[in-house]
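Residue numbers (full-length UniProt numbering), protein chains in the order written: chain A, 1 to 259; chain B, 1 to 208. Quick reminder that beta carbons are idealized off the backbone N, C-alpha and C, glycines included. Reviewing the structure listed below.
Structure representation (structure tokens):
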């Protein structure tokens, strides 16, 4: 039986990890290479890096980070943030990442998904979606809208329709982030996660709102997610990945238990 | 020296990095002479069977692999490399290398998971091995150990004796197969943490 994946997410700015609360007020909490190695040894099933470096001339720092991470950890990891072209994807994959994640650029230019899938295979291409709950309308029938630029810009695009379109274009996986839940530690957005997860046949990683192991159990069962992203609950030492997996095992959720 | 075959089939650097991490000298190559001189060969690959076979034939690596197998050189196939060693693949109806009798099959589209929902294809993520026969590359593994898979097709050798492990994903499909000096894993040992690295180091010690 396939295990549900537990994936720590590291936000990286100019080569340092940070954790944002609702995308504001980032503080440096460590070295991404060191943190990735720590999570690898602690039982992470995969690692996600988001490059939130603002200036493009400092983006090469991230390629160095990717290269160093790839030399020391032997589980899959993905890199997102600032990926705008197939060439950006190629650099990250050649530096050793297993997958790349596209978000805003794919909303603005959906063909990048198809181009990436054609060049590297669907299994390499993750669609990152930032989603905000809104009043259902003609343009947004699901009541979930796609927002970009770190949650600041609503796009008038329905999240459910976008997920299906991205799958048709060749995305291999969806990382679904609820802007409303992000940073709250009050639990994942279960309704949204179940809605998207049931509508597509590619894996869905739930993101935003994890505060306790119960939250992961909920999103991996009633939310039908294939994987759960975690950040502050492990970054600040509140829980270890081992403790989370122990809880999930006792709750009947299949997870990888030896590493 | 360990040779990792380069035939334009995906990212080979992760295999190279894992081998280097384990302290072994390796080279990523498609040079016929280098492949024939190597002590061991790793045959990785991701992507589609059709284009992979085209590249293998174009570079003359199809013959080298058959020769290396005949010479008794230890060969490790990974992912696509565990598939195209068989006779043929259902993926693009491709004729393959025919080193091991059998075919490459697509997962059925209607497999149901434990939660009653349709199983997603490709099979992507961590899963266990149900070992049906011992093999030196599986030495020291815990039955609970899991390995990282990404694939929509799986190898189905004709002979049961060529299947060393199966993995449960809707069906019990063969996940470690081989014959004589050839062994192959459908999963990615280079992306499977400690137990994956153990398989690689077992392969380096293996003298078939």
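Between the alpha carbons of residue 248(A) and residue 216(A) lies a gap of roughly 8 Å.
In the structure shown, residue 259(A) falls within a coil segment according to DSSP collapsed to helix, strand and coil. The C-alpha of residue 110(B) is placed about 36 Å away from the C-alpha of residue 65(B).
Residue pairing by DSSP puts residue 41(B) in a beta bridge opposite 3(B), 75(B).
DSSP, reduced to helix, strand and coil, places residue 95(B) within a strand of the structure shown. Residues 193, 194, 197, 198, 204 of the same chain have their beta carbon placed closer than 8 Å to that of residue 224(A), with the five preceding and five following residues left out of the count. Within the region 123 to 195 of chain A, the complete beta strand (DSSP E) runs of at least 3 residues fall at 125 to 133, 144 to 148, 153 to 158, 173 to 178.
Here the C-alpha atom of residue 121(A) lies approximately 32 Å from the C-alpha atom of residue 234(A). Apart from sequence neighbours up to five positions away, the residues of its chain that approach residue 105(A) with a beta-carbon distance below 7 Å are 83, 84, 112, ordered along the chain. Between the region 117 to 131 of chain B and the region 70 to 77 of chain B, the count of Cβ pairs shorter than 8 Å is below three; the stretches do not touch.
Taken in chain order, the members of the region 94 to 115 of chain A whose beta-carbon sits within less than 8 Å of a beta-carbon on chain B are 94, 96, 98. Looking at the DSSP output, residue 118(B) sits in a beta bridge with 112(B). Under the Cβ criterion of 8 Å, residue 173(B) is not counted among the residues facing chain A.
DSSP places residue 168(B) in the uninterrupted beta strand (DSSP E) bounded by 163 to 169. Going by DSSP, residue 245(A) is part of the alpha helix (DSSP H) stretching over 241 to 250.
Listed as beta-bridge partners of residue 185(B) by DSSP are 78(B), 176(B).
Interface with chain B (8 Å Cβ-Cβ cutoff): residue 49(A) is excluded.
Between residue 107(A) and residue 157(A), the C-beta gap is smaller than 8 Å, which places the two residues in contact.
When rounded, the separation of the alpha-carbon atoms in residue 167(B) and residue 149(B) is 10 Å. Contact check for residue 200(A) and residue 163(A): beta-carbon distance about 5 Å, within the 8 Å limit, so the pair qualifies.
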